Each structure stands twice: as C-alpha cells, then as structure tokens.
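Residue numbers (the working numbering), protein chains in the order written: chain A, 1 to 339; chain B, 340 to 678; chain C, 679 to 1017; chain D, 1018 to 1356; chain E, 1357 to 1695; chain F, 1696 to 2034.
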C-alpha cells in the first residue's frame, strides 16, 4: 500500500536550549509540518509514502525537501516554484513557561500555489491512502480548493482519506474552519480529533478547553466521537488523544479509537516530555501504519499512543523511531501504565 | 516615574550544560549582577530605568554595558574607568548536586571606585526610586560610603529607597553586614528580606535555615517582617519570598508582602526550575514595577512572585519576560496553585 | 550633530563556516541592513545617531531592534507594527566560489508600511544629517514615497542629505532605479557611487563591470563622478570605492572623494578579507563621521577607506571598530600601502 | 596505598542533547570504560592510582590516555601498540525512551593484546589493590588469560583483589560469563554485584530483573550476597547497589555492604538523573577509596552510594567530584532520604 | 542513462577547525568515501545514480545511507548486515602542516562481505555505467572478487566501466595494487589516473612524486596516459588531474583528457583551498556527468576540472554544487586562468 | 635530563572565530603562559619536564593544572593557594586587523605569592635545566625575587639557566625591565632575544621596530647577539627569531643561533599563520629539546624554527606536535624554503 500526504513544509528556527529569541544569536534549523511529519513516521515504520507539497526551487526549499527524502520519503511528486519557504520560529517553554511558536508562513510558495498546479490523477496514481490535516486547507483559498479536488479524486478512485482536524487558531477563525472542514468531512473516511478540534473545526462539543483535565472528560469526548460519525456518515472511524497536562512537560496521555461502533482505549502513559512538537503527527503516522499493516483496533490505538508518547522524547518535528522500538516500549515494564 | 539601580555588573562565565569547570573548554559569557538584573526587569516591563555602576573602559567592560543597554536600560550615567570587570564562574547543579558559584570580583573597577566619583546630584536628578541590594555595600568600604551618600541624598530629595537585603556570605561576615545594613535601614523605605537575610543582615530571627521548610515557617517569617518595621520606622513595607526546596530544581514558592500593617500572601507555585540565578532580582524588579504602576498590594505580591517563578525558566541573569506574559501566567490554569 | 538613517532592518541567517544551506542544520542569526549598519558605525565612532525603520512588534522584530540599540544607536523613533521581519540567507563563498545571498524580504513590515506612517517633522526634529541608501526606495512604492517625503522635508529644513546609490539587481530593474534615483538625486547633497551604481542607478558610464579591474579604470570613474555633479547641481560631492578583486577574498581597495571640484585619492589597500558584507556601509558611516567631525577631505577619504577595509576583517553586518582603532591602522606600517 | 585498575579504554561518541544518531552531525567525544572510570574516581578522591590498558600509539589512543592522565591517574604502565581504539556510540534516552549504547569495540588494540604482553611483576610492583570489572575478561580470550595471570600474581603477593562483576550481555553469554567469573571468583577478595550480575555472572538468584522493584527485593539480594561468600570463601565481602527505577531518570538508589558477616545498609536516595553512565564505577571507586582510607563499613557504604548518586548529575564517564563534595552531600538536609 | 557506483561508505570524524585530535572534545560527523562521493556528485548534477555498498543494519550504518539518500542518490540496492561501519579520523592541516587522515576501517561490514552477496544481475539491471575506484578492491580479497564479478558482468552486458585508480598506500602495497589493478584494467573502458597512481597502481612512470611540480611534468604524464591505452586496449580513454602544490592550500590545478588519440587540456586554475578531501571524486563525478550528457571532450575536461576545483571550497566529502554553478564559474572572469 | 620551567599559568578566554568581545556570547577557554607552553613542548617532544607555578586551590586553578598535566608535564611541584587565576582575553586579528590581548592578571595567586614560598632546594632537586622567560620577573616584585633566588640556587648547583627575554610592555616599563633583566643576565647561560627584546630588556640596539623588515636587519641582529655575549660573560649562547611580517598572518621566519662564537642560520620559512600565540615559546621549547638531546647547533636552530613555525598552524597556546612531525617538515619539499 502506498500513502500520499499533502501539506506545507516549513523551515523551523529554534533557539538553542530554552533561550528566548531576544537572547539568542543562533537558530537550530530543521524542517517539518504536519503532513511531512506523518510521511517521515510512515517511512521510519517501513511503509511506502510520498509527500506532496510545493517548495521554491532555491537552496532553502531544496534543503527542506532533502531533509524529508533523507528519511526515505518519496519526494518525486513535489512541485518546485514560487519564491519563499514558510518559516516558524520556536521557543521551547518549560514548566509554567509556555512554548512559543511564531509563524512567518504567509506568502509562501505553497500558500500561493494555484489549485490546478496539482495534477491529482498523476499524484494519486497507484495510491491507497491520502492524508492531510486541517492545517492544509487553512493555508490559503487555493490550497483549500486543491484539497477539495484531491478528495473528489479519492472518492472516485476508492482511495481512503484520513484527516487530522488539527485546528490552528493562528491560521483561520472557527467560523471559516467549520465551514470548510464541515464540507470536507463528507469525503473523509477516518478522522482524528484532539482537544479543541471538535468544537473549533466542527462545532461539536467534547472538551471544555482545560488541558489539565482532558482525560477526566472522556465521556464527553466519546459523545463527540459518536456525533462525528453520526453527522458525517462517510466517516466511519474517529481517533482521539486525551491528555491531563500538569505543566508544559508533565502529563498523562491516552488514545481512544472509535471504529465499527466500538471504543478502544489505550493505557494511560504518564510522562515528562522533552519536546511536544509533532506528537499529534506521530499519532497520526502510527495510526496510518496500523491501517497499512492491518493491526487490530486495540493494537492500533495502543501502538499509536505509544508512538505519540515516544515522540515527546525526540527532538525536532520528525518521529525518528522504528517499529521495533515502539513495540519494545509497549511490552516493557519501564512504561508507567496507569488507569 | 524613573528608577535608578546601583550596583556591580559582572561577567558571568558558565560552563555549557552541566559540565564542571574541570571538564569544560568553553564558557558561555553573559553579564549580570543583582542591580543590573533589576534594571533589565524594569525595562522589559516597560518602565524607565537607569543603571549606575563603574566598568573599565575596555572591551569587556563595554560589552557588559552594551548587554544592559540592549534591553533598553539607560546606561548614560555609568562611570568608565579602572582596570578590570569582576567575574563569577558558574556551574549549574541538578537535583542533589548543588549549583556552584565562584567569585573573582575582588579589585574590580567598581570595588576600587571612590565614593566621591558618584555625583548623586546628577545621577539622581529627576529620579523617583533608588534601588540597591545588600550586595552593593558589601563590595568595598568606598562603595559602602557611596551607598550612604546616595541614601542621604534620597532622603533629602524625597526619593523612595528600596533595598533587597541579599546577604552574601562570600562577601562579608554577618557582623559586618549587620553593622552596615543596620545603619542603612534607617533610610530604606521598602525592604526585601529572604531566607537567611533576616538573621545575617539584621540579626532578626525569622527562618531556621532549612531550605526544605521555608513556607512551613511562615509564622516566624511574619514575626520577622513585623520586627523589621518596628525596629526601623522609616521602613514601612517588607516583602519576602518563602520556599520549600526539595531538590536544586524542585520546590514551592510563595511571596508575602507586609504593607500598611497588613500581610498579603501570594498563591504557592510548585515548579521545577531551569536556572535559579536571578529569581530574587526578578522578584524585586517586578515589585518595583508594581510600585511604579500603583498595583494594589495583593496584585503586587502575586505579580512579583509570578515574575520570580517565571525567571526560573529563563536562562542567564536577566528576566527576559514582558508584563503580558506574566499576567497571562497569573490567569491561566496551567499554573499549579496550591495552599 | 545628530544623524538619522532610514531603511530596512533584516534578520540575517548565515550557515556556519562555509557550509551550504543544503548541508547545514544551524544558522547564525544576526541583524543588519545598509542603513542600520551605517547607524552602528556612527555610534561606534562616538556620534549621535538615530535609526528609523518599521519592525513587527514580536520577538524577532524586537530582537533586531535590540541588536541595534546594543551598540548605542537611538531606536526610539522606530515604528512597531506589521507582521514579518525581512530575512536574508547568507552562504559565505571563498576563492572562486561566490558568496551567495538569498533574499526573503518581500511582504515585510517595512515594505508594507505606508508613507504617511513616518512623521518626518517628528523624526527629523533637531537632526542635521539624513542618510539612506538606494536599497530603501527599492523596497516598495510606499517606502519610495516615504523617502521622497523625507527629502522634501530635509530640503525645507536645511538637513544635509547623504545617499549611497547601492544598486541591487535583485530588488528592482535598472529602468526603475534610474527613474526613481534620477529624481531623488535632486535633493541629495552628497552621493556615494560604487562599481555598477553609476550605470544602473543613474545611467552614467564609469565602470565596465569587470571587478578585477576597477582601480585600473580610475579615469572613467572620475569622469563619472564629474558627470554626477554636472547633471545634479544639488549634489556637490561624490565618493567612490574602487576595487581590483582577484578572488572572493583578495583584492586592492581605494577610495576617491570628489569635493569642491577636486579629487582626493586614498592609498590602495591590498587585503584578504574575512567577510565582505557591509564594507560599503562602513565606508559610508566613516564618511558621515568625517563630515560630523569636520575632517579635511583627504583625511575624510583616507579614514573612510580604512574603516571600510577594517570591516573586511569583522564578522556580521556591523563594523564594530572605534575611531582609535581606525586611526592606528592609518598610521601603522602594518598596512600594505601601494600605488 | 597504591591501586591498579585494569581494563579497556574506549572512545565514547555521544550525540548532542537527546539527538538520535540518525539526526546528528556532531559527536561529543569523551573517553571512558569501567576501570578507567574507577581510576579517575580514586585520583579525584586523592588516592594514588595507576590505570593499565593497551591503546594504539596514534592520536586517538594517546588522546584517550591523556584524558585519563589529565585527572591525575598514572598512565606510565600503559602499553602502546595495536591498531584501533574501541568505540561506543551513545544516545541518551529520557523517560520511556531508553538510553542506547552501540558497541564498536571488536578488534581493538586491547582485545587483540596477548596475555604475556602484560608483565604483572612490573605492573603490580608496590601495588596494594588490584581492581578489574567483569567487562575485562569478556573482552577476549587473551585478556581473560591476562586477568587470570594478574590474579595469580596478586594472590602470591598479598595484593587485595576487588572486582565488580559488571555483566554485559552484548559481550558474552551467561554461560561463558559464569564459567569464567566462577573461576576468577576464587581469587577475588571483595566483589561488587548489581542487579542481574548475580544470576548472569554467577548463576545465583537474587533479583527478578524488574528494575522498577530492585529495592523491594532486598531480602533476596541479601540471600544472594550471603551465597557468594558461602560459595567463594576467598571473597569475604560483597557490595551491591539496589534500585527502584521508575523512568530512565527517576529512581530510588541504595547500597548494601556485606562484610564480616554483617549487612550495612545506606539510606535510600531518590533522584532524577542527568546521565546514568558510570554510576556503578563511581560506586566501585568510592568503595575502593573507603578501603584505602580505612572507613568503617557503614561510612564506606554511605559514602559509596552518595558518590554513585552524585555521578548521576555529572556528564561523561568520569565522576569528577572530590571527597569534600561527597561528604557535604552526605551531611546536608538537601538530600532526599527515605526508608 | 543510469550509473551505479560501488565502494565503501565511511563515517568521517573531523575535529572542529584545525584542532588536533589530542585537543578536541568534539567530532564533526559526516559520511563519505570515493564512490559515494561520485554518486552524490552525479545526483547533484541531475543524473540518475545508484550507490551500492554494504552497511550494518544499525543506526550508524543507516545514518550513513540516509546522508547519501538525502542528496538524491538511490540507495535501494544497498546490502544491510555485518557489524561495523568503517571510520576515518580527519585533522585538517594548513600551510606547512599536513592534513592527517587516520583509518579505522578494518573489519567493516563492507570489508567482510562475501563476493557472492552482491547479485550483479539485479544490481546492474538497466544500468549503463559502472564506476568504482581503486580503493574498492583494496578493501579486502572478497571485495576484490566482487569487483571482478561485476566487471565480467559489465563486459557481457555492454555496461561502460569507469575507474579512478586512486592508489592508497595505507590500504595495500604497490605490488598487490599492480597485480590486482593490472588485471582489472582489462575490463575498464575509461580510467582516471592522478599523481602517483600511474606508478603505484600500474607500474607506469609518469610523475616523479614532487607535488610542487606536477603540471611541470605534463609531458611525462602524457606519455603515461598513452602507455595505459597501449598496454590495456580495452581502455580507450584516460583522464588526469595535474597539480603544482605550493602549500597545503595553495596550488595550480589542471586536467588532461586523452580520448580518441587526442589530448584535451583544461585551463590552469590557481586556487587556495578550504578542504581538499574529495576533489578527485568531484573530478570523476563531473567526468561521468559529461559522458552521460555527451559533452565534447574539451568541454568534458574543462567542466570536470572546474567541478574538482569548486570542491576545494566545499566542506565535507560531497561536492554539493549543481551544474549551473559550475558552468557559471567556467564562464566568469573571476576564475584565475593561467598558462 | 630533567627540565623545570617557572612562570605564571593563565586562563585564556578567546572569542570564537574572529568575533570581537563586543559581539560574542561565548569564550573558548584554554590555559597557557610562556613557561607552561615551553613545558608542554618538551613533554610532547618526549622529555622529562616539571612546571612550577602557584595556582588557587579551586576549580579554575585546578583545571589549569590539569590541562598542563594532560600533556604529560609533571605538576607535582606546583603550589596551591591564593585566590584567583590570572586571565587574558584574546581577540584574533587578521590581515590589517591586529590581534588584541587584554590582560586581567593583576592580583593573581602567582603574582601575590611570596618569594620564600618556593623552596628551590626541593623544586630543583635532580634538575638539569631551569627555564623562565622575562614575563616571570615582570609579574611582581616578590616573583622577581623568587627568580633571583632560583638563579642563585642554579648557579651553585650547576643547573643550566635558559631565559627568553620576552619583553611585555603591558607588564613593566623598559627602565624596570632593563634594571631587572640586566642583573639576572649574570646568571643566565643561554638567552633568547627576539625583536624588541634587545632594546627593551637590555638596552642593546639590534632592531628598528619595523616588523615588516626584521630579517632585512640580520646584520644589526648579529651585532646585538654578539653584544649580549660580550656584556654578560656567563651567557655563552644567544638565539633569535627574525621575521618579515607583511600582514597579521603572512610573513617570513628564520632563526639564528649564536654559539661558540659562531652564527648558525636556519632557512627562511614563508608561511601564512592560523594563530600566532606561543610561536616564541615553541621555539624556546624546541631549543631546550635540542640541548637535552645534544643536537648539533645547525640542527638545533633548524629544528627550533621549524617547531616555531609549526605552532603557527596549531590552535591555543600549546605546540601540540611531536618530534617526528617536526623532522618530517624539515625534510619534505612541501616547505617553502627561500633565501
């Protein structure tokens, strides 16, 4: 099975250690973005995956592509052109100091690409699964249209569509998000919804916004998951990560998978994280891997939450862990399993 | 309102990460000192502040000044001259390994400055608040005299005097400290006393020296605060930080503000710190800001302890956070409020 | 005398050593731009100078401002607002490998500022000299208008206007440049023209484009300088840097100053450079200093070319050298004087 | 008293921070190995100690030796020759992500040394204590023979033999280990056995392999210690470290010393570690120091476990702490003593 | 056209800047080897190329592969297995201090691979050109046999064979080299011979070993090139790089290409290099590119020597430059063309 | 033969690359000083050498000692005590930008040591050669006395005394230097005098101060050398380094050795240096090695100047090269020999 992921690739500029941008004269440069992160997860897990985006044909754009290719992702379907690669600045928080992300992604080559530049019949040839997150249609109107085109193509060619709702308040309003995602949900087969995504992307209540008490609201979460399937009949499965976060680093993490009318709950992992970026993408990547490999639902959710929690101990955007490492953590007594 | 802070500016040489000096072939160079740290806090919070010191007119001295100016502090009243900038070497500890500070500040340009080099009538022109910490008079006899001259000038010109007692056993004995600070207290309007400062600087018992149980001794602290006001009638307010420290990084922090005959207690923050240097200065800076802006006492102490605890997640000496960030932490549920 | 410089401030992202962007996972972050560089030169030389620009009111914008303020430049007249700070990526070349600069400065806060945001009557109050380079009007139409407004104000208030033509082919065409600069020249009192600037900015032939033989064309250069003064009567003086560059690092450098109808030529410096960025701005800053201090024309050009050549041994955009250091190099036998 | 330690010295290549080898383009280079670590501990504690090994006579081998000599260890008895220095690659784990060690030590100069290259009558002249760990005989058959030769020499010359069993599954099987160590135990006077060493090296059951519950099994540990003394009459004392590890960093640590038919138990230290490498060697080094200085058994075990726990806050292989620092931690209230 | 290159991939550990291994506590880690370098050159130039080797299936081996893949080389034909990746330590020299390379490549996965592990019918399917250097058969007897097998396959399937003789005195003797290479030459279509390769690999005199006077011996070089074609009739073309090296960095470089009975000589480039590693491989890669694209012989040699000289300004093993950059240098006046 | 060197050991704080102190937030920390540098040279060359100084008994002092010990120098005769280690800040210049050294060495443990703390009968027991440079008596009056005591002891015990005059204008005046060195010369057997040392330390004219033309003044140098031997009959030999320096890095270097009434001149080395610190100490160390090993005078001076020139390509204070490396450079054609 071959997976295609579609979204924007960004340059990430992180200050060293916990320095503020006001203090630092160096940036660690890495590359990432929800859909590239998912693609690298799949490649690290041994699956065939292509990442589709548009980057400028200059050294920053090519360096970004090379970094994705380095981990084994096929980049031959990427468009080259436009003038700039989007950027996000990253200050790592700790304890009560929140992590800070500053976007500089407007006017990027991807955001300014026209919908018709993406030839879906070629891009999606011989593809079995199409993945994107809610970040992608939020990038620009033309990219929103490109997603719509892709989903129509997928529907016609029996390509499974998976979407992580991934609401970003810095990119669009809840009104716009609900309008767009509400429409796109009609073509989505499997949806991932975390935290505020239910409300912000779909207008469905599931979580009151208190990150310290996500797991405690498991019942409303389940109601929200059921409501998604009820409202969007094409969407047969929903997965969510629930968290009780005590500080920037300390929290409990669990996954729920609603599929075939049943709920599958993972154990709760209590962890202290190194870097929270990309944990959701690691969850999505692992869940796609579970689908590609045909894992049972319970194993799928256990595997996915473990991969997600592993990412908390990996620096940069990509979840550089392989399947054997995830399975070993699932089995070992070293994990702190509660509940 | 304009604030002037007066004290020594030091070069700080820190080994990378947690390396010992015996292991390291690099030092991270930053600059700081109690009163420069307070000045930067004020500038970051949007207040007008001048820092007064003496540094040698060579590149190390000027680099130190530039670093303070970078954050918006006025340095036009600084004296240039003398031959060396004081240094402190810094090894960061962790858990049971204590942080280690090694002073190399003797014979510095500041320590060797004569009292009369500081023309207080010019330095304190149009100034509303004068701040120094107990470190300053401990530097040398001539600097002690300079402080005395400044305080007399302040008294005559209705300039509010704020002092953090800040006892340093590596710089003077308790006998000397008590003699000097006991005299200076007569000109101080607001005093900050933490931990052993009560005993070492003023000979007043408030704390038994067990850092694991500071908050538990809140009652004797309050007695000590009252005793200060009783003994030094010019000093109408006292603020203190109380801590229960479990390891080098883990502890509970709270602030008390005794003002107008009433105690105002902040919530307790339970945090794991990145770097403890300058937390007291961040507290002092925030308290000065509260005075400049006319915060109510309860808001003042809540704001000050939050600023202080934020500093625990900021590297180097300066508390590089702005007012909005502190207010956001005060409101958010992400803080761990106990008691 | 007070100088104001007006232009864009950029984040510069340089790979370490000579790494290509394709190879590097770190960027050295510094800040610069022609007019901020000139401002820092003046401040390092002991002059009063304000830098005027617009930066976004977020950490990258403020970090840029702080860096300029660190060196003593007044930044109180800077506008805050807009969304992004322009960037330039920088790969350092060597020998036959050219240095590579990649701009990502479109849509910056400065480029998108409206002309009327700059209140010249306030910005230029009590100012004696106004400086900008040809980069500034190339930024956008609104900034071009802001420059025009400033020059009109200067003319009316007897403020000396100095401009480095500084043609940048990546920012505008020669047609556009000639049209705009041709008009602005009518308000410029002193102009700096280097290499291709004569032709590209003003359509005046002076140099055939062969960087290996700039000094060899000194006669056509002189003709060009005379032609500028003839064509634009308000412009009474012209200064130029002439170079014979053998490799990226090796070359001969000299300055010519045409003033009062006479040519003043500096000695030729044969040097191997560390980093060529900002050498022209260092020349401009030193020439402004010479004007502020009333140097004789011969000393002015000797001082300016020495400052410019010193910059070749200083990393980053700013020429962090003081007057004493430049004078020492002018006197010492260690300089390689030829011709 | 003079101590000799005998074993392999390795180049350690660690990725910066928590980077995976797949992500990193830099390695921090340090040097270590169980017996060199013990030697450095002794030297830091003020004892006379020589380290014996064989390293290639090229820059990597000499750099390794220099690093040991830097800390005051005598290296004049080291053999030079052979072609390569063994290496271990090191990825630091965190929380649920295990630390990863990858050996590249086969075919090293030490492993390929012949037993007769070591002239024990010269090496052990005027020596009082000989130390090696179970890693040494696991290196190769010839080194195993060298150990045997050394022990015979020690027996004949009344040199005390101390061994940390230190089982390494990546170097030999339990069958081979039990065969070899079972024989060598007849010449060992004091043995250190931790965790799985009892079972893997000697076939004695003491611990069920669950690192989360080592201290909880103190009774079977004690049985195992007694069984060692019973089975190997020459071995009169046994020391062990017991741990309850909750995550990679968090755990409880205690030491037991069985000597003269009595058990001496240290307090339990609850700590969060920075780097776990070498904690066992720090324990061994401190215990040897206690023997050299004639500490009472209770003080010996308290001192040794404190030294071991201190190492958890020190980077690299060597325990760069002195005696005063360890004694201070033993006395202070800052340590978390439980049980 | 598709190219396959076959050889060993090594981890390169370089000290920062010019530090000696005795001084450094960090290594810059990169990956390279003659044939991987050639493969990356081809990929950067836009050609289809596969690199074939064997690396251990652990993180160091995979990191090496990823680095090659990052630049677009196909690595799907690489064998995984064995236990270690070969290493070379690298100290960069300067001026009179020679660069120092220390091999630690014995017993590597590649060296210990059996000849029959390489299934040439699969590896060379649809391949047009096979490239290896003289380093490959020097690795081990089994790899020498693998090369022989490959060449026989190529002969039978009309695959062009290109070889850079690349003699390495640290890997084999001239006797062994001449015996092996003498036989392999019968299957080689195009051979690159530099400096001492003529004598050491083939026993043909062309160069007296004085690196300061390579170009000065152009006539004996030409005789040597003719002798190769005479002695090995299958080898129809020979290319060489000639150098006059004055210091470690300063020298003159030119290329000669003997093809179709004619000599084609490039201009001489006089350059100061940053890093000399891989310049020969850059020459070979560019020459292969010239063959793939059907460049005329004169353009082929001019292009190849320019690519080689460009590599002198690029850090690490790979020549990270594209075709447009090379062509620009060939045209520009910035190059120093002599002779 | 055993050599003792006596002098101050300093912490050297160097900015990275060519950064100015005003620009840098990191210092590279290394340790050095004329006499420690000579000691390390001797140890690297295989000789027995002890370094004698006084350093504070805290981590900075011990780190300095460890660094010397690391290279094999005996440090067992060093005094511990006092409060601070002297420092020098170092900015590396290039081309016309001079290297800048800023001393912060006043009030160091060494400078404040009393003469009688050095027990010369113990320190110089079994010693054959005593070395110091003119820096040592310039440190303080008490150290000047300690040197005098040592020389008297040497005279009485037939210990050869070698001194590099090493005048430092930042430490004393020429008057003071001439008075002190003039007296000490009566006990010195072999003296090294470079550049301005003749005039500044002894009042003998040999060089006009123009560093661009040192070698050109070889005749007056020779007169100066003869004058030294004439004036101080105990001093039977004089060695000098002559230089024509064109830029900070480019120059010609040669050595002259006047011994037994004859002059021995080395070839001239034309080099481009990486770092000029310690080249004189490398010369002195190599000359001492030549004496220890009994080299003929011509070989002695050739060897010494080669070692000195090698140091120009080695970073930090110590000349980390061995004898084989120096001999190889002396023989190879890679060196640029002129004259």
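C-beta atoms are modelled at their ideal positions from N, C-alpha and C, and glycine is treated no differently.
No experiment lies behind these values; they were computed from the predicted model shown.
| Asked | Found |
| --- | --- |
| Any Cβ of chain C within less than 8 Å of the Cβ of residue 409 of chain B? | yes |
| Under 8 Å Cβ-Cβ, which residues of chain F neighbour residue 1083 of chain D? | 1765, 1766 and 1767 |
| Using a Cβ cut-off of 7 Å, which residues of the segment 5-19 of chain A contact any Cβ in chain B, in chain order? | 17, 18 and 19 |
| Could you name the residues that DSSP lists as bridge partners for residue 1709 of chain F? | F:1723 and F:1785 |
| Give the range of the alpha helix (DSSP H) segment to which residue 637 of chain C is assigned. | The first residue shown for chain C is 679 and the last is 1017, placing residue 637 of chain C beyond what the model contains. |
| Give a yes or no on whether the C-beta atoms belonging to residue 1939 of chain F and residue 1882 of chain F are separated by under 8 Å. | no |
| Name the chain E residues whose beta carbon is nearer than 7 Å to that of residue 1121 of chain D? | 1440 |
| What first and last residue would you give for the beta strand (DSSP E) that runs through residue 1951 of chain F? | 1945-1954 |
| Which two residues bound the contiguous beta strand (DSSP E) that contains residue 967 of chain C? | Premise fails: residue 967 of chain C lies in the alpha helix (DSSP H), 957-971, not in any beta strand (DSSP E). |
| Going by the beta-carbon positions, is the gap between residue 1028 of chain D and residue 1104 of chain D smaller than 8 Å? | yes |
| If you draw a straight line from the alpha carbon of residue 270 of chain A to that of residue 142 of chain A, how long is it in whole angstroms? | 41 Å |
| Could you please give the first and the last residue of the uninterrupted alpha helix (DSSP H) stretch that includes residue 871 of chain C? | Neither: residue 871 of chain C is in no alpha helix (DSSP H) and is coded neither H nor E. |
| DSSP three-state label for residue 456 of chain B, please. | helix |
| Once the 5 residues before and after residue 811 of chain C are set aside, which same chain residues still bring their CB inside 7 Å of it? | 685, 712, 713, 841, 842 and 844 |
| Distance cutoff 8 Å, beta carbons only. Does residue 1044 of chain D sit that close to anything in chain E? | yes |
| So is residue 338 of chain A in contact with chain D if we call contact Cβ pairs under 8 Å? | Reliability of the predicted coordinates at residue 338 of chain A is poor, the pLDDT of 38 falling under 50, and the value obtained from them is presented with this limitation in mind. Answer no: the Cβ-Cβ gap between residue 338 of chain A and chain D never drops below 8 Å. |
| Would you identify the three-state DSSP class for residue 1183 of chain D, choosing helix, strand or coil? | coil |
| Between the Cα of residue 1549 of chain E and the Cα atoms of E:1515, E:1512, E:1528 and E:1593, which residue gives the shortest distance? | E:1593 |
| Residue 1077 of chain D CB to nearest chain E CB: under 8 Å? | yes |
| For the beta strand (DSSP E) containing residue 1347 of chain D, list its first residue and its last residue. | No beta strand (DSSP E) holds residue 1347 of chain D; the alpha helix (DSSP H) holding it covers 1340-1348. |
| Out of E:1642, E:1668, E:1567 and E:1558, state which residue places its alpha-carbon closest to the alpha-carbon of residue 1587 of chain E. | E:1558 |
| Do the segment 1316-1328 of chain D and the segment 1295-1305 of chain D meet, that is, are 3 or more Cβ pairs less than 8 Å apart? | yes |
| For the ligand MN, any of its heavy atoms closer than 7 Å to the Cβ of residue 720 of chain C? | As presented, the structure is devoid of all ligands, the ligand MN included, so that no description of it is given. |
| Is there a Cβ from chain F that is less than 8 Å from the Cβ of residue 1671 of chain E? | no |
| Do the CB positions of residue 1699 of chain F and residue 1819 of chain F come within less than 8 Å of each other? | yes |
| Among F:1696, F:1957 and F:1958, which one has its Cα closest to the Cα of residue 1824 of chain F? | F:1696 |
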